[in-house]
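All remarks here apply to the structure that follows.
Number of protein chains: 2
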Amino acid sequence: MSTRRASSRPTIRDVARLAEVSVGTASKALTDAGKLRPETRARVRAIAKQIGFRPNDLAHSLHRGQSQTVGVISTDAFGRFTMPIMEGLEACLSEQRISVIMCNATDDPEREARHVETLLGKRVDGIVVTARRADQRRPLVVDTPGLPVLYVFSRTEDNAAFCLVPDDEQGARLATEHLLGLGRRRLAHITGPERFEAVRLRRAGFAAAVQAAGLDPDAAPVLTGVWSEAWGRDALDQLFAASTPPDGIVCGNDQIARGVIDRLRERGVAVPGAVSVIGFDNWEIIAEATRPRLTTIDMNLTQLGHEAGRCLIELIGGAAMTGLRRMPCSLVVRESCGATRAN
Amino acid sequence: MSTRRASSRPTIRDVARLAEVSVGTASKALTDAGKLRPETRARVRAIAKQIGFRPNDLAHSLHRGQSQTVGVISTDAFGRFTMPIMEGLEACLSEQRISVIMCNATDDPEREARHVETLLGKRVDGIVVTARRADQRRPLVVDTPGLPVLYVFSRTEDNAAFCLVPDDEQGARLATEHLLGLGRRRLAHITGPERFEAVRLRRAGFAAAVQAAGLDPDAAPVLTGVWSEAWGRDALDQLFAASTPPDGIVCGNDQIARGVIDRLRERGVAVPGAVSVIGFDNWEIIAEATRPRLTTIDMNLTQLGHEAGRCLIELIGGAAMTGLRRMPCSLVVRESCGATRAN
DNA sequence: CTGAAAGCGCTAACAA
DNA sequence: TTGTTAGCGCTTTCAG
Numbered sequence: 222m223s224t225r226r227a228s229s230r231p232t233i234r235d236v237a238r239l240a241e242v243s244v245g246t247a248s249k250a251l252t253d254a255g256k257l258r259p260e261t262r263a264r265v266r267a268i269a270k271q272i273g274f275r276p277n278d279l280a281h282s283l284h285r286g287q288s289q290t291v292g293v294i295s296t297d298a299f300g301r302f303t304m305p306i307m308e309g310l311e312a313c314l315s316e317q318r319i320s321v322i323m324c325n326a327t328d329d330p331e332r333e334a335r336h337v338e339t340l341l342g343k344r345v346d347g348i349v350v351t352a353r354r355a356d357q358r359r360p361l362v363v364d365t366p367g368l369p370v371l372y373v374f375s376r377t378e379d380n381a382a383f384c385l386v387p388d389d390e391q392g393a394r395l396a397t398e399h400l401l402g403l404g405r406r407r408l409a410h411i412t413g414p415e416r417f418e419a420v421r422l423r424r425a426g427f428a429a430a431v432q433a434a435g436l437d438p439d440a441a442p443v444l445t446g447v448w449s450e451a452w453g454r455d456a457l458d459q460l461f462a463a464s465t466p467p468d469g470i471v472c473g474n475d476q477i478a479r480g481v482i483d484r485l486r487e488r489g490v491a492v493p494g495a496v497s498v499i500g501f502d503n504w505e506i507i508a509e510a511t512r513p514r515l516t517t518i519d520m521n522l523t524q525l526g527h528e529a530g531r532c533l534i535e536l537i538g539g540a541a542m543t544g545l546r547r548m549p550c551s552l553v554v555r556e557s558c559g560a561t562r563a564n
Numbered sequence: 222m223s224t225r226r227a228s229s230r231p232t233i234r235d236v237a238r239l240a241e242v243s244v245g246t247a248s249k250a251l252t253d254a255g256k257l258r259p260e261t262r263a264r265v266r267a268i269a270k271q272i273g274f275r276p277n278d279l280a281h282s283l284h285r286g287q288s289q290t291v292g293v294i295s296t297d298a299f300g301r302f303t304m305p306i307m308e309g310l311e312a313c314l315s316e317q318r319i320s321v322i323m324c325n326a327t328d329d330p331e332r333e334a335r336h337v338e339t340l341l342g343k344r345v346d347g348i349v350v351t352a353r354r355a356d357q358r359r360p361l362v363v364d365t366p367g368l369p370v371l372y373v374f375s376r377t378e379d380n381a382a383f384c385l386v387p388d389d390e391q392g393a394r395l396a397t398e399h400l401l402g403l404g405r406r407r408l409a410h411i412t413g414p415e416r417f418e419a420v421r422l423r424r425a426g427f428a429a430a431v432q433a434a435g436l437d438p439d440a441a442p443v444l445t446g447v448w449s450e451a452w453g454r455d456a457l458d459q460l461f462a463a464s465t466p467p468d469g470i471v472c473g474n475d476q477i478a479r480g481v482i483d484r485l486r487e488r489g490v491a492v493p494g495a496v497s498v499i500g501f502d503n504w505e506i507i508a509e510a511t512r513p514r515l516t517t518i519d520m521n522l523t524q525l526g527h528e529a530g531r532c533l534i535e536l537i538g539g540a541a542m543t544g545l546r547r548m549p550c551s552l553v554v555r556e557s558c559g560a561t562r563a564n
């Protein structure tokens, strides 16, 4: 005997009984399936609506073997990068009436394993892994062959895995080209810790653009430090201690850019008059607060999440996708770089 | 006939068959229930582990009428306040093996209704509503009597509802008392738009503390504006245009506080030497970046989320809780207020 | 066009 | 102590 909840919802049997048809007919009537006399269908539907019938997805899922549910496992404790990704992902999936279960693993493998366990118990149709990107993460251990797993804003060494990340190299190239396009020729790059892959890729993008413009790479210094305003200020001081300070600065993220702009103002150097500054991240709380407001690179994380949703649906549908896919970043023009030709 | 997924998981029947017991026995063996010969129990368990049996929660839930799942509906598009709340909530619930389904309603009633529909279809055991707090939100429409609904960081006019919010009034009082405790006597309050309940409550807390200290309320100006650094700077200029500028400023949020501190530095006024500045939110990206670092009020949102989880579990268990509950804020001391006596 | 019944995987009541 | 079975709510096949 089942232990029903105090207030149980009407079932399809109730509908059938009231509509004076069999459950089979009622089911057909409610799902557009099969052939049915329109009148019967209408009557069943009317009754269903009247008594507030809502199909039990649990039973449906049990029957179909698909739960219309996916799990998201984050190691970044719902951090600021995870948020927009989730937003895009949820928007995409909810369109297909697929629900998203959030799990926070906080870098604890044991917690992560417990979460995977729960998700598998719930028979999710797929799992999305998202993480801080400092490094590649170990592959998620899932002992269920055929269960789609997708990594977003996160990578793993497993070549069979499908990973979706922003194109940092292209983003930095875009930023650098923007400054070059404005006529800046003495460029510098102030960025974060070298151990981040993003730092290495963005630096490469910067260097590539500098080289492509025919400039001397040695005259375009790169300063690595930490992701903070204080480092931005310090690095700027270092650059301006030299005989020929830069007229264009590509920053590794918006925090650094804010430090740079603050210090330039303190030094009485006009932005963008004398120096153009461009950031990376388009973190609005910062980008809208600098004086002048910050031109920066947007990783389009919401779109990334949306794309992750699309891909996951394909994977669930049986498509085979592997490898690393990089999604383009875009330029957000505000006032910290000066008159723009493009746009 | 059911449409099974390509790779179907072992069921309890498989375990039973291999262990040479009945399904009933296997079930008992795996759930610590009933009396069983230890040997049998062990054998069943061994087999289960060996073939990678994992109970199907869908079937379990269908049977029990509880899904071990709750839904979260946010109108704040996973905004920055939602994040820590979710973190606490998920941490609390996952401890009980309850999963959290995230839904983003973005203030669109139709989208919200669709999400509720989906959640009810999945037979969630409860729903958490979280929102921007500009005003009271209309009650969530759920036609399922007895289904627990809890509002967190969000209120509704429905008196039967249970709402959990931070105690803004107490937070502002705490901030003000901190400045008073440091010997500041000429206080001012710079805050956001009046239409926010939080603004009105924080202002009340400020006023209450001023009055309790025996100071003249008329000598403690309150400036309302918007939630931005620019407004913080403007407001500060206004205050310093007066004959007796304040020596302690309670800000309505951290962004305003940052504007205030920046402008004080630009004016050459020492912080905290001449003026103490305190914020509200403890938004680290700001609070750690001001010069000096910002002393501020923390709404303890992660704890709030955790508490929401606890309460929801009680509600699901059948407890009756209604009304508005305010959770205390706490003080985070950094360097923007000067030498501290307490702590 | 409609009804009857099997079965998805699990649990709990009852029988042995 | 263990086995048998009904039933959770739904879909789908097969008869009628």
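Quick mapping for you: the protein sequence lines, in order, are chains A and B.
Count along the first sequence from 1, add 221, and you get the number used in the numbering used here.
Count along the second sequence from 1, add 221, and you get the number used in the numbering used here.
Cβ coordinates follow ideal geometry from the N, Cα and C atoms, glycine included.
Put simply, the backbone Cα of residue 423 of chain B is about 16 Å away from that of residue 375 of chain B.
Under the DSSP definition of a beta bridge, residue 519 of chain B partners with B/551.
Residue 280 of chain A reaches chain B at 283, counting residues in chain order whose Cβ is nearer than 7 Å.
Nearest CB-CB separation between residue 321 of chain A and chain B: below the 9 Å threshold.
Counting along the chain, the unbroken alpha helix (DSSP H) around residue 246 of chain A starts and ends at 244-251. Residue environment for residue 476 of chain B: buried (at least 16 other C-beta atoms within 10 angstroms of its C-beta). In the pairwise beta carbon analysis, the region 476-488 of chain A is classified as touching the region 437-453 of chain A: at least three pairs are separated by under 8 Å. Of the candidates B/406, B/407, B/421, the residue whose Cα lies closest to the Cα of residue 413 of chain B is B/421. Interface residue (Cβ-Cβ distance to chain B less than 9 Å): residue 530 of chain A is not classified as such. Of all residues in the region 288-315 of chain A, the ones placed with a Cβ closer than 9 Å to any Cβ belonging to chain B are 288, 289, 290, 292, 293, 298, 299, 300, 301, 303, 304, 305, 307, 308, 311, 312, 315, in chain order. Relative to residue 330 of chain B, the option among B/459, B/403, B/362 whose CA is nearest is B/362. Contact between the region 244-259 of chain B and the region 231-244 of chain A is absent: fewer than three C-beta pairs spanning the two stretches fall below 8 Å. Boundaries of the beta strand (DSSP E) harbouring residue 409 of chain B: 408-412, taken from the DSSP string.
Within the same chain, and ignoring the five residues on either side of residue 520 of chain B in sequence, the residues whose Cβ sits closer than 6 Å to its Cβ are 387, 550. Between the region 304-311 of chain B and the region 253-268 of chain B there are fewer than three inter-stretch CB-CB distances shorter than 8 Å, so the stretches are not counted as touching. At least one CB of chain B lies nearer than 9 Å to the CB of residue 504 of chain A. For residue 462 of chain B, no Cβ of chain A is located within less than 9 Å of the residue's own Cβ. Annotation: residue 233 of chain B to residue 552 of chain B spans about 54 Å, alpha carbon to alpha carbon. The way I'd put it, the region 292-302 of chain A doesn't touch the region 366-373 of chain B; fewer than three beta-carbon pairs between them come closer than 8 Å. Contact annotation for residue 341 of chain A against chain B: 275 [CB-CB distance below 7 Å, chain order]. Below the 9 Å Cβ cutoff, chain A contributes 286 as neighbours of residue 229 of chain B, in chain order. At a cut-off of 9 Å, the C-beta of residue 558 of chain B has no neighbouring C-beta in chain A. Residues of chain A whose Cβ lies closer than 9 Å to the Cβ of residue 382 of chain B do not exist, since the nearest Cβ in that chain is about 18 Å away. Rounded to whole angstroms, the Cβ separation of residue 306 of chain B and residue 373 of chain B is 6 Å, and the two are in contact under 8 Å. Along the length of the region 327-397 of chain A, whole beta strand (DSSP E) runs at least 3 residues long occupy 347-351, 370-373, 383-387, reported in chain order. About 6 Å separates the CB atoms of residue 341 of chain A and residue 275 of chain B; that is less than 8 Å, so the two are in contact. With fewer than 16 other beta carbons inside 10 angstroms of its own, residue 271 of chain B counts as exposed. Between the region 430-438 of chain B and the region 392-400 of chain B there are three or more C-beta pairs closer than 8 Å, enough to call the two in contact.
DSSP places residue 497 of chain B inside the beta strand (DSSP E), whose first and last residues are 497-499.
For the C-beta of residue 510 of chain A, the chain B residues within less than 7 Å are, from N- to C-terminus, 450.
For residue 516 of chain B, the closest alpha carbon among the candidates B/315, B/320, B/393 is that of B/393. For residue 320 of chain B, the three-state secondary structure derived from DSSP is strand. Contact annotation: residue 466 of chain B and residue 407 of chain B have beta-carbon atoms nearer than 9 Å. For residue 527 of chain B, no Cβ of chain A is located within less than 9 Å of the residue's own Cβ.
In this structure, residue 533 of chain A and residue 548 of chain A do not form a Cβ contact; the two beta carbons are roughly 15 Å apart against a cut-off of 8 Å.
No Cβ of chain A is located within less than 9 Å of the beta carbon of residue 535 of chain B.
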